[in-house]
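2 protein chains.
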Amino acid sequence: MTAEKRRAPAGAAVLRGEITSAIRRALMQELAAVGYGRLSIEAVARRAGVSKTAIYRRWNSKLDLVLDVVSAVASRKLPMLDTGTLDGDVRLLLLVVSGALGHPVASQIIPDLLAEAARNPQIAGTLQSALKDYQDRIGKIVIGRAVERGELPSGADPRTAADLIVGPIYWRMAIARLPLDPAELDRMARAAVAALRVACAVPEDELA
Amino acid sequence: MTAEKRRAPAGAAVLRGEITSAIRRALMQELAAVGYGRLSIEAVARRAGVSKTAIYRRWNSKLDLVLDVVSAVASRKLPMLDTGTLDGDVRLLLLVVSGALGHPVASQIIPDLLAEAARNPQIAGTLQSALKDYQDRIGKIVIGRAVERGELPSGADPRTAADLIVGPIYWRMAIARLPLDPAELDRMARAAVAALRVACAVPEDELA
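Taken in sequence, the protein lines are chains A and B. Under full-length UniProt numbering, the first residue of the first sequence is numbered 1, with each subsequent residue one higher. Under full-length UniProt numbering, the first residue of the second sequence is numbered 1, with each subsequent residue one higher.
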C-alpha cells in the first residue's frame with residue numbers, strides 16, 4: 001500500500017523506468033554470457049521478461065542498446081575520492097577500480113566491447129568518449145586536489161593520472177588476470193604516487 | 001639458382017615450413033579482419049593460397065591453430081635489453097612495446113583474443129602462460145640486471161615489473177587508444193623507474 005502510494009504521482013513513467021532498467025540489466029548479463037557478436041535482442045527480451053517491442057520502442061537496434069548502456073555505466077559518478085592526501089586518494093581509487101574489475105560481469109563485458117571497438121567505429125567512439133570522460137574526472141579529482149594541497153607541482157598534467165594509476169592495476173587484473181592482495185594493492189598505490197610525482201614534475205628546461 | 005642450392009639439403013621440409021608460415025600469417029590477417037568468432041578455416045586457406053587439407057594436416061581445429069600461433073608469437077625472443085642502466089632498459093622496453101601495440105594487426109588481434117579468453121578456458125590458459133612467461137622474462141632481464149648493478153635492492157620482486165612498466169603504456173595505447181609522443185614516452189619511462197624503486201623497496205619491517 002505504502003509502495004503504491006509512493007509510486008502514484010509518477011504513475012506509468014515509473015513503470016517504464018523499471019522496464020528500461022530490467023532491459024539494461026538483461027543486456028549486461030547477455031553480453032557477459034555470449035558476447036556482442038552472438039547477442040540477440042530476442043534473448044535480451046526473454047531474460048528481461050519483456051516483449052521485443054518493449055525493447056524496440058526504446059532503442060532502434062542492438063548497437064543502439066549497447067551504446068546506451070555503455071554510456072549509462074560510464075557516466076556513473078565516481079565515489080568522492082577525498083581522503084585528504086594524494087596517497088589516500090590513489091589507494092581508494094585503486095580499491096574502487098579493483099572492485100569493478102573483479103566483478104564477473106564487468107570482467108567479461110569490458111574485453112568483449114574493446115574487441116568489438118577494434119572493428120566497429122561507433123562502439124569505439126562511445127567507449128573512447130566514456131574513457132576520456134573517466135580519465136578527465138580522475139585527473140581533475142586526484143591531480144587537481146593534490147596540486148591544491150601542494151603535493152604535486154601546479155604544472156601537473158591530469159591526463160597522465162589514469163595511465164599511471166589505472167594502467168598497472170588494469171594490466172594485473174584484466175590482462176594478466178592475476179590476483180592482487182591488499183599488501184600488493186598498497187604497494188601499487190605507493191608506486192603510482194611516486195610515478196605521478198615524477199611524471200608531473202615540471203621539466204627543468206621550463207624552470208629557467 | 002643460389003637460393004635453390006641453399007634450399008637443397010633440407011628439401012621438402014623447407015617447403016612445408018614455408019606453407020606453415022604462410023598459414024600462420026594468413027591466420028593473423030583473418031583474425032584481425034573478422035575476429036575469432038567469425039573466423040573460418042576456409043578463409044584462412046584461401047588467404048594463404050593453400051588447401052584446407054594443408055591446414056588440417058597441421059592442426060586439428062581452428063582453436064588448435066589459433067593457440068599454436070599465439071604461443072609462437074609469444075615465445076619470440078625479447079630484444080636484448082641491455083643499455084647499461086635501468087632508465088635506459090625501461091625506455092627501450094617501452095619503445096619495443098609501443099611498436100608492438102601500434103602494429104595494426106596486433107591492435108586488432110590482442111583485444112579479440114582477450115575477449116575470447118573470457119569465455120574459452122583453453123585460449124585463456126594459453127594466453128596466461130604466454131603472458132606469465134613474458135612477464136617473467138621482463139622481470140628477469142630488467143629487474144635482475146638492475147639488482148646486479150645496485151640500482152634496485154636485492155629483495156626486488158620481478159613480477160611487479162610488467163605491471164608498472166607495461167601497464168601504463170598498454171592502458172594508453174590499447175585501451176584509451178591515445179597517441180604517445182616521444183617526449184611522453186620518456187616521461188612514462190622515468191615514471192616507471194620511480195614506481196619500480198618504490199615497489200621494489202624492501203619493507204621497513206623486514207629491515208629490522
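Think of the CB as a built atom: it goes at the ideal place given N, C-alpha and C, for glycine as much as any other residue. Bear in mind the structure is a predicted one, so any value in this text is a computation, not a measurement.
Item	Value
Just to confirm my understanding: we take Ile-19/B, look at its own chain, exclude 5 residues before and 5 after, and list those with CB closer than 8 Å. What are they?	Ala-48, Val-50 and Ala-54
Quick one, which of Leu-67/A, Leu-94/A and Arg-197/A has its alpha-carbon nearest Gly-155/A's?	Arg-197/A
Taking the straight line between their C-alpha atoms, what separation do you get for Asp-136/A and Ser-129/B?	35 Å
Is Arg-57/A helix, strand or coil when you go by DSSP?	coil
Candidates Tyr-36/A, Thr-85/A, Arg-46/A and Arg-24/A: which alpha carbon is nearest Ala-151/A's?	The amino acid at residue 151/A is misidentified as Ala; the sequence shows Glu. Here the closest residue by C-alpha is Thr-85/A.
Can you tell me whether DSSP reads Glu-30/B as helix, strand or coil?	helix
Please confirm if Tyr-170/B has its CB atom under 8 Å from at least one CB of chain A.	yes
For chain B, find out if any of its Cβ atoms is closer than 8 Å to the Cβ of Arg-58/A; answer yes or no.	no
Give me the chain B residues within the contact set of Gln-128/A, using Cβ-Cβ distance strictly less than 7 Å, ordered along the chain.	Arg-177
Report the neighbours of Leu-164/A on chain B: residues whose CB is nearer than 7 Å to its CB, in chain order.	Pro-168 and Ala-191
Between Pro-121/B and Val-34/B, what straight-line distance do the alpha-carbon atoms span, to the nearest angstrom?	21 Å
What residue range does the alpha helix (DSSP H) around Glu-184/A cover?	182-200
Span of the alpha helix (DSSP H) holding residue 209/B?	What is shown of chain B runs 1 to 208, which leaves residue 209/B out entirely.
Would you mind sorting Gly-17/A into buried or exposed? The rule is 16 or more other CB atoms within 10 Å of its CB.	exposed
Can you find at least 3 beta carbon pairs, one from the stretch 98-112 of chain A and one from the stretch 26-41 of chain A, that sit closer than 8 Å?	yes
So what does DSSP say about Asp-112/B, is it helix, strand or coil?	helix
Out of Ser-21/A, Pro-158/A, Ala-183/A and Leu-164/A, point me to the one whose CA is closest to Ala-72/A's CA.	Ser-21/A
From Pro-111/B to Arg-46/B, what does the alpha carbon distance come to, in whole angstroms?	24 Å
Can you grab the Cα-Cα spacing for the pair Arg-149/B / Ala-162/B, in whole Å?	20 Å
What is the residue span of the alpha helix (DSSP H) that Glu-148/B lies within?	144-149
Any idea what DSSP makes of Thr-83/A, helix, strand or coil?	coil
Specify, as a first and last residue, the run of the alpha helix (DSSP H) that Gly-125/A falls within.	121-138
How would you call Gly-99/B, buried or exposed, if buried means at least 16 neighbouring beta carbons within 10 angstroms?	exposed
My understanding is that Leu-113/B touches Tyr-56/B, with C-beta atoms under 8 Å, so please give their C-beta distance in whole angstroms.	About 22 Å; that fails the 8 Å criterion.
Give the secondary structure of Ser-154/B by DSSP, where H, G and I count as helix, E and B as strand, and everything else as coil.	coil
Output the distance between the C-alpha atoms of Ala-43/B and Val-96/A, rounded to the nearest integer angstrom.	44 Å
With a threshold of 8 Å between beta carbons, is Pro-111/B in contact with chain A?	yes
Would Met-188/B pass as a contact of Leu-101/B if the rule is Cβ separation under 8 Å?	no
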